[in-house]
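Each residue of the sequence shown is one higher than the one before, starting from 102 at the first, in the working numbering.
Notes to accompany the following structure.
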Amino acid sequence: MNRRRNQAAAFFPALFVLFAAGLLSAPPSRAQLPQAPATTQSPAAVPPPTGQVQGYTLTPGQEAQAVAYAHARHELYFLDVAYGLLLLVLILQLRVAPAYRDWATKWTDSSFGQIFFFTPLLFVTTDILGLPTALWEHRLALQYQQSIQGWGSWLTDWAKGEGVEMAIAILLVWVLFAVIRKAPRKWWFWFWLAAVPLIILGAVVEPLVVEPLFFKFTPLASSEPLLARNIEQMTIRAGAPIPQSRIFEMNASAKLRELNAYVTGLGASKRVVVWDTTIRRMSGDEVLFVTGHEMGHYVLGHVRNGILFACAVLIFFLYLAYRLLHWMLARWGETWAIRGPDDLASLPVLILLLTVFGFLFTPISNVYSRHLEHQADQYGLEVIHGLVPDAPVVAAHAFQILGEVDLEEPNPSTAVKFWFYNHPPLDERMRFAQTYDPWSQGRAPEFVTGAGSTWSQPK
Numbered sequence: 102m103n104r105r106r107n108q109a110a111a112f113f114p115a116l117f118v119l120f121a122a123g124l125l126s127a128p129p130s131r132a133q134l135p136q137a138p139a140t141t142q143s144p145a146a147v148p149p150p151t152g153q154v155q156g157y158t159l160t161p162g163q164e165a166q167a168v169a170y171a172h173a174r175h176e177l178y179f180l181d182v183a184y185g186l187l188l189l190v191l192i193l194q195l196r197v198a199p200a201y202r203d204w205a206t207k208w209t210d211s212s213f214g215q216i217f218f219f220t221p222l223l224f225v226t227t228d229i230l231g232l233p234t235a236l237w238e239h240r241l242a243l244q245y246q247q248s249i250q251g252w253g254s255w256l257t258d259w260a261k262g263e264g265v266e267m268a269i270a271i272l273l274v275w276v277l278f279a280v281i282r283k284a285p286r287k288w289w290f291w292f293w294l295a296a297v298p299l300i301i302l303g304a305v306v307e308p309l310v311v312e313p314l315f316f317k318f319t320p321l322a323s324s325e326p327l328l329a330r331n332i333e334q335m336t337i338r339a340g341a342p343i344p345q346s347r348i349f350e351m352n353a354s355a356k357l358r359e360l361n362a363y364v365t366g367l368g369a370s371k372r373v374v375v376w377d378t379t380i381r382r383m384s385g386d387e388v389l390f391v392t393g394h395e396m397g398h399y400v401l402g403h404v405r406n407g408i409l410f411a412c413a414v415l416i417f418f419l420y421l422a423y424r425l426l427h428w429m430l431a432r433w434g435e436t437w438a439i440r441g442p443d444d445l446a447s448l449p450v451l452i453l454l455l456t457v458f459g460f461l462f463t464p465i466s467n468v469y470s471r472h473l474e475h476q477a478d479q480y481g482l483e484v485i486h487g488l489v490p491d492a493p494v495v496a497a498h499a500f501q502i503l504g505e506v507d508l509e510e511p512n513p514s515t516a517v518k519f520w521f522y523n524h525p526p527l528d529e530r531m532r533f534a535q536t537y538d539p540w541s542q543g544r545a546p547e548f549v550t551g552a553g554s555t556w557s558q559p560k
């Protein structure tokens with residue numbers, strides 16, 4: 102629902118792809134991308150809207166704060182990328198990776214043992230050196246009242262994320278160099294082939310293993326039985342039942358003030374998660390729309406499609422890295438004390454290349470993500486049509502609340518949207534919500550057949 106998704110919610114499956122994109126150094130603290138100035142908002146649910154919302158607007162004071170926060174985050178984003186690339190260049194120039202490689206070879210003759218020793222050394226070094234931008238990001242979150250997470254809790258989450266990252270990185274590096282040494286000309290393909298099932302496994306395991314490390318999840322039915330029944334009835338009506346056992350409430354309020362909901366997992370681990378902050382801030386009908394949006398991701402196969410998209414991008418990145426790695430080592434390998442592509446010390450070169458590829462690919466991935474989010478908005482409108490009164494107003498008002506609480510910039514420039522927005526801007530989403538009406542034109546909705554019949558909420 103939110104354009105800036107909670108980081109731990111996406112951490113496990115994305116880590117495989119992000120490793121291949123050279124972005125493993127981001128610490129997975131849950132308060133890294135929080136959103137909102139929690140001014141004097143009441144924790145009680147907001148009454149249902151009574152008037153039409155024409156477009157996303159903020160008061161002059163809120164808008165100034167939203168613009169300042171957006172500019173600060175955008176500047177930090179580019180600084181973080183530049184700083185990360187600089188760190189990798191320095192690691193190469195100072196021959197840090199060859200020193201770690203030499204220590205690892207002195208420690209053991211086993212290739213896996215060397216990787217077990219080398220990988221944590223390299224990644225912990227880059228992650229610790231990368232802490233300044235991560236700390237600054239959390240400072241911004243606290244400054245703009247986006248987070249209530251203290252520094253001790255934040256560092257604990259960072260340490261947890263380091264542990265998860267090291268376990269996954271060791272496995273991936275082991276597989277990577279095994280295929281490089283066995284198939285030096287085709288390693289990019291064989292590594293991709295090995296990584297695909299690992300990416301899928303990560304998507305299955307993430308909500309079961311990783312997410313609970315950072316937040317507490319409870320069945321929504323235990324705290325909001327009426328809302329849980331309404332959501333379940335909505336999914337049944339849509340012809341894609343999601344049982345209450347797969348609808349969860351997350352205690353985001355322990356660390357954050359932002360609002361969100363999301364769909365995660367694959368197969369038996371697939372689930373819809375609604376943050377407790379969303380439940381407290383929005384009316385029941387608005388939460389139904391937010392959940393309907395997330396159910397759209399569930400029903401329309403967006404998790405699956407996203408993984409397929411990531412896999413397609415990954416093989417392209419790996420092939421480019423294969424082509425450029427040989428050229429870079431031929432030119433600078435001796436300076437960097439790297440013996441060849443099968444040398445563990447070549448890992449920072451691969452990460453450097455893939456980081457650049459991932460950075461340049463960001464606008465394209467955002468276009469694809471905005472397409473999926475627009476579909477989910479449309480699905481949410483279709484699935485609540487006839488279930489709640491004035492569904493377009495409900496949806497538009499939910500977007501307004503989301504923007505106010507998450508402090509979204511009202512009028513982002515085309516360049517900002519192009520580079521940063523993985524969701525459509527809120528103003529576009531609100532106006533679409535108020536104008537999408539196939540029923541009045543005698544057309545069937547695209548995703549939810551039979552939508553439009555009335556339904557009485559269970560008492």
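We put the CB at the ideal spot given by N, CA and C, even for glycine.
What residues match up with residue i in a beta bridge as DSSP calls it?
| i | result |
| --- | --- |
| GLU350 | THR319 and VAL375 |
| THR362 | Strictly speaking, residue 362 in this sequence is Ala, with Thr absent from that position. In the DSSP output, where bridge partners are listed per residue, ALA362 has VAL375. |
| VAL489 | HIS486 |
| SER248 | LEU357 |
From residue i to residue j, what distance separates their C-alpha atoms?
| i | j | result |
| --- | --- | --- |
| GLU483 | GLU529 | 17 Å |
| TYR423 | ARG544 | 51 Å |
| PRO546 | LEU419 | 41 Å |
| LEU222 | PRO199 | 12 Å |
| GLY340 | ILE249 | 40 Å |
| LEU415 | VAL182 | 19 Å |
| PHE117 | ASN352 | Annotation note: pLDDT 42 at PHE117 (below 50); position unreliable, no value reported. |
| PHE548 | LEU401 | 8 Å |
| ALA205 | ALA446 | 11 Å |
| MET335 | VAL495 | 16 Å |
| ALA431 | ARG440 | 10 Å |
| GLU238 | GLN535 | 35 Å |
Here's the rule: buried if 16 or more other CB atoms are within 10 angstroms of the residue's CB, otherwise exposed. What is residue i?
| i | result |
| --- | --- |
| ASP478 | buried |
| PHE519 | exposed |
| PHE458 | buried |
| TRP437 | buried |
| ARG405 | exposed |
| ILE380 | buried |
| LEU327 | exposed |
| ILE465 | exposed |
| GLU435 | exposed |
| SER470 | buried |
| ALA121 | Caution applies to ALA121, whose pLDDT of 39 falls short of 50 and renders its modelled position unreliable; the model cannot decide the point. |
| ALA329 | buried |
Residues in the same chain with beta-carbon distance under 6 Å from residue i, minus the five sequence neighbours each way, listed in chain order, please.
| i | result |
| --- | --- |
| VAL154 | Only weak support exists for where VAL154 lies, its pLDDT of 46 falling under 50; the value from the coordinates is given anyway. If we look at VAL154 and ignore the five residues flanking it on each side, its Cβ neighbours are ALA497, HIS498 and GLN501. |
| VAL280 | TRP288, TRP291 and PHE292 |
| VAL190 | none |
| LEU309 | SER370 |
| TYR572 | The structure shown has nothing for residue 572, since the chain only spans 102 to 560. |
| LEU454 | ALA422 and LEU425 |
| GLY393 | GLY481, VAL484 and ILE485 |
| LEU563 | The question about residue 563 has no answer here: the residues shown for the chain are numbered 102 through 560. |
To which residues of the same chain is residue i closer than 8 Å at the C-beta, ignoring the five residues directly before and after it?
| i | result |
| --- | --- |
| TYR184 | GLY231, PRO233 and THR234 |
| GLU537 | Here the sequence assigns Tyr to residue 537, which means Glu is not the residue at that position. Cβ neighbours of TYR537 beyond the five flanking positions: GLN479, LEU482 and PRO493. |
| PHE460 | VAL182 |
| GLU325 | GLU350 and ILE380 |
| LEU177 | THR234, TRP237, GLU238 and LEU241 |
Apart from the five residues just before and just after residue i, which ones in its own chain have a Cβ nearer than 7 Å to its Cβ?
| i | result |
| --- | --- |
| PRO138 | Because PRO138 sits at a pLDDT of 32, beneath the cut-off of 50, its placement in the model cannot be relied upon, and the point is left open. |
| PHE217 | ILE271 |
| THR319 | PHE349 and GLU350 |
| ARG532 | GLY156 |
| PHE462 | VAL414 |
| PHE521 | HIS175 |
| MET429 | VAL450 |
Is residue j closer than 8 Å to residue i when the C-beta atoms are compared?
| i | j | result |
| --- | --- | --- |
| PRO525 | HIS475 | yes |
| VAL391 | ALA362 | yes |
| LEU426 | LEU451 | yes |
| PRO298 | ASP443 | no |
| ILE408 | ILE269 | no |
| TYR201 | PHE213 | no |
| VAL197 | THR226 | yes |
| LEU527 | TYR170 | no |
| MET396 | ILE343 | yes |
| ARG382 | VAL506 | yes |
| ALA304 | GLY366 | yes |
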